[in-house]
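Below you'll find the structure, written out as structure tokens, and then a few comments.
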Amino acid sequence: MQPPSEANGPGLISDEEVQRARLDKVTPHNAPITLADYDPDWPVLFAREAARIRAALGARAVQVEHVGSTSVPGLAAKPIIDILLAVPDSSDEPAYVPALEAAGYVLRIREPDWFEHRLFKGPDTDINLHVFTVGAAETDRMLLFRDRLRTNDADRDAYLQVKRDLATRTWRHVQHYADAKTAIVEQIIARATRPYPPATQR
330 MQPPSEANGP GLISDEEVQR ARLDKVTPHN APITLADYDP DWPVLFAREA ARIRAALGAR
390 AVQVEHVGST SVPGLAAKPI IDILLAVPDS SDEPAYVPAL EAAGYVLRIR EPDWFEHRLF
450 KGPDTDINLH VFTVGAAETD RMLLFRDRLR TNDADRDAYL QVKRDLATRT WRHVQHYADA
510 KTAIVEQIIA RATRPYPPAT QR
């Protein structure tokens, strides 16, 4: 979901802002966040969903990637499989929404002001299917963050510590918890994009 506005600060978007992008009625969470230890079945669940999405969309599914914490071996996560789907134009809903709905997916979020993001829930597995246009900057960020956590133990451990600390708090909306992780996410992305220092001159 779109990051919180500067006026409200991280994790403090209003009920109205949470509801604005949602197509269903939002019910406040008002509880801590439950994190599950890494489950080796998560990649299996992703592979099954990816196959179903590709079968539904064919060539319109330009890119299907496992993202989020469940895509990082060894990382605890909310047991929800995050999937990135890149289509030719995510604003062109008639080109892909009916096919996904016919396969059992349900459109829950529409954010035209944030990279034309759409989010679907799955027919039988708890997933977040994020749809963007091919080449959207946010897709690059999601993949960069995932790959950094997969290959850098220190950043993965730092992210996990923040997640565990935040998860113990009571959150009115799960989105507030997600937004509260913005600072550590930005720090990790910055490290991932930092150029290597030049080799020492001999």
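Each residue of the sequence shown is one higher than the last, beginning at 330 in my numbering.
Idealized CB from N, CA, C, for every residue including glycine.
Query raised in the report: Of the choices G433, D476, E467, whose alpha-carbon is the least far from that of A384?
Result: G433
Query - Nonlocal neighbours in the same chain, by C-beta distance under 7 Å from V491, ignoring five residues either side - result: K510, I513
**Report entry** Opening and closing residue of the beta strand (DSSP E) in which I438 lies
**Finding:** 435-440
Query raised in the report: How far does the alpha helix (DSSP H) with V347 in it reach, from first residue to last?
Result: 344-349
Query raised in the report: When the Cα atoms are used, what is the spatial distance from F449 to D411?
Result: 10 Å
Requested in this report: Pull up the distance between the alpha-carbon of D486 and that of L404, whole angstroms please.
Outcome: 8 Å
Query raised in the report: Along the chain, which unbroken stretches of the alpha helix (DSSP H) at least 4 residues long are found entirely within the region 357-441?
Result: 371-386, 426-431
Query - Same chain, Cβ closer than 6 Å to Q392, neighbours up to 5 away in sequence not counted - result: A415
Query raised in the report: Touch check for the region 371-383 and the region 347-362: three-plus C-beta pairs under 8 Å?
Result: no
Query raised in the report: Quick one: any contact between the region 448-468 and the region 425-439, if contact means 3 or more CB pairs under 8 Å?
Result: yes
Query raised in the report: Excluding five sequence neighbours on each side, which residues of the same chain lie with their C-beta closer than 7 Å to the C-beta of R439?
Result: A350, L352, R447
**Report entry** For V373 and R475, believed in contact at Cβ under 8 Å, the rounded distance
**Finding:** About 17 Å separates the two Cβ atoms, so there is no contact after all.
Report task. Determine the direct distance from the alpha carbon of T454 to that of A365, and round the result to whole angstroms. Result -> 16 Å
Query raised in the report: Does the beta-carbon of A336 have 16 or more other beta-carbons within 10 angstroms, so that it is buried, or is it exposed?
Result: In this prediction, A336 has a pLDDT of 36, which is less than 50 and means its spatial position is unreliable; nothing more can be read from the coordinates.
Requested in this report: Report the rounded CA-to-CA distance for R523 versus A465, giving the unit in angstroms.
Outcome: 21 Å
Report task. Select from W443, L473, S343 the residue whose C-alpha is nearest the C-alpha of V396. Result -> L473
Query raised in the report: Which one of A376, T399, D421, P369 has the shortest CA to CA distance from R389?
Result: D421
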